[in-house]
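Sequential numbering of the sequence shown, starting at 1, is according to full-length UniProt numbering.
Note that beta-carbon positions come from the ideal geometry of N, C-alpha and C, so glycine has one too.
Only a predicted model underlies this, so the values are computations on that prediction, with no experimental measurement involved.
Step one of this worksheet: look at the structure below.
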Amino acid sequence: MARIVALKAFNMADLFTNTFGDPSPLGINALALDYGEGIMRMWGSYDWNRTVGATSGNFRAMTYVEDGVAQLKINSFAANAVDFQEQGTALIGQTLLGFLMTGSDTVEGSGRGDRLYGFSGDDNLFGNGGNDVLFGGKGNDRIFGGAGANRMEGGAGNDRIVGGEGADRMNGGAGADSMIGGFGDDVFLGGAGDDAMTGGRGADAFIFRAGSGRDIVYGFRAEDALVLDRAVTGGRELSEFVDQNAREFDNSVVLRLGEARVLFAGLTDKDALFQNLQLLEDFI
1 MARIVALKAF
11 NMADLFTNTF
21 GDPSPLGINA
31 LALDYGEGIM
41 RMWGSYDWNR
51 TVGATSGNFR
61 AMTYVEDGVA
71 QLKINSFAAN
81 AVDFQEQGTA
91 LIGQTLLGFL
101 MTGSDTVEGS
111 GRGDRLYGFS
121 GDDNLFGNGG
131 NDVLFGGKGN
141 DRIFGGAGAN
151 RMEGGAGNDR
161 IVGGEGADRM
171 NGGAGADSMI
181 GGFGDDVFLG
191 GAGDDAMTGG
201 RGADAFIFRA
211 GSGRDIVYGF
221 RAEDALVLDR
231 AVTGGRELSE
241 FVDQNAREFD
251 NSVVLRLGEA
261 RVLFAGLTDK
271 DALFQNLQLL
281 EDFI
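Quick look at the structure:
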């Protein structure tokens, strides 16, 4: 059961259109709109894929011209239709939920494997149960994995990504991001920008590629993995590269990666970096 909790100041000009290249609106049956008190409510049914008759693909909401705050709640996502009901929730039939919003959205996933997209705006995405894919898009987003082995990406903006109970993969994307591990064996990729990564209780992996910023890693332990791209090492042997570029400094270890650097806060012995040192091409 997935809930679209709040969709603020989004656009919806053509109401709903498909994502297969046809810009014309699709058929609407028994649809009603109520803009009272700044809340938009829908009920009836909307056939979003009459030709293919499948649950694959995304549907998009665009161009709602009124100012202010709107709220949309979806009742169910059947095999071939989407039913809109006042004060309802959204049941995702398979593993796909795709919206194009320009405002600040709050989207909660179900107990299944959901795909949640925030796109523009400062969004809040909650995976809840299942193995989810969560993408924040533009804006300063907050993404929470919940249970399951989730894949989370912040996109552009200064994002906060929090792992859950499973083995999560976190990619901050562009911007100064904060990523916090959970209980599983998590994978961190900071991306461009100056990022902060905090290891969780599992055996985590921290990946650094060319183009990384000035990152900080908290809670790095000997059982965690340091994973470097060959473009960072310049083809040199891993142990030699780390030994020559890592320095112990003020109760921390600093690893220089060309113009970028990684500060391992609280790590007093650089030998911990050698315990599980891997090339990115071998790790994936």
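What residue range is occupied by the uninterrupted beta strand (DSSP E) comprising residue i?
i: Ala260; result: 260-265
i: Ala225; result: 225-228
i: Ala205; result: 205-208
i: Glu108; result: 104-108
i: Asn124; result: 124-126
i: Phe144; result: 142-144
Quick one: what's got a C-beta closer than 8 Å to residue i's C-beta in the same chain, skipping five residues either side?
i: Phe283; result: Ala205, Ile207, Ala225, Val227
i: Asn245; result: Leu255, Arg256, Leu257
Using the rule of at least 16 other Cβ atoms within 10 Å of the residue's Cβ for burial, across every protein chain shown, is residue i buried or exposed?
i: Ser104; result: buried
i: Ser110; result: buried
i: Thr268; result: exposed
i: Gly234; result: exposed
i: Asp243; result: exposed
Name the one or two DSSP bridge partners that residue i has.
i: Ala246; result: Leu255
i: Val133; result: Arg115, Arg151
i: Thr198; result: Ile180, Tyr218
i: Val162; result: Phe144, Ile180
i: Phe188; result: Met170, Phe206
Say yes only if the C-beta of residue i is nearer than 7 Å to one or more non-hydrogen atoms of the ligand ATP, and no if none qualify.
i: Ser239; result: No copy of the ligand ATP appears in this structure; indeed no ligand is present at all.
Within its chain, find whatever has a CB closer than 6 Å to the CB of residue i; leave out the 5 residues flanking it on each side and keep chain order.
i: Leu263; result: Ile216, Ser252, Val254
i: Ile180; result: Val162, Thr198
i: Ala78; result: For Ala78, the predicted structure reports a pLDDT of 33, less than 50, and the residue's modelled location is therefore unreliable. The matter cannot be settled from this model.
i: Arg209; result: Asp229
i: Ala149; result: Asn131, Gly166, Ala167
i: Arg112; result: Gly130
i: Arg247; result: Val254
i: Arg201; result: Phe183
Leaving out five residues on either side along the sequence, give the residues of the same chain with a beta carbon under 7 Å from the beta carbon of residue i.
i: Ala54; result: Note on Ala54: pLDDT 31, under 50, position unreliable in the model; the coordinate value appears next. Counting only Cβ-Cβ distances below 7 Å, and skipping sequence neighbours, we find nothing.
Tell me which residue opens and which closes the alpha helix (DSSP H) that residue i is part of.
i: Ser283; result: Note that residue 283 is Phe in the sequence shown here, rather than Ser. Counting along the chain, the alpha helix (DSSP H) containing Phe283 begins and ends at 280-283.
Suppose contacts are defined by Cβ-Cβ distances below 8 Å. Is residue i in contact with residue j by that definition?
i: Gly172; j: Asp141; result: no
i: Gly136; j: Gly118; result: yes
i: Ala156; j: Gly213; result: no
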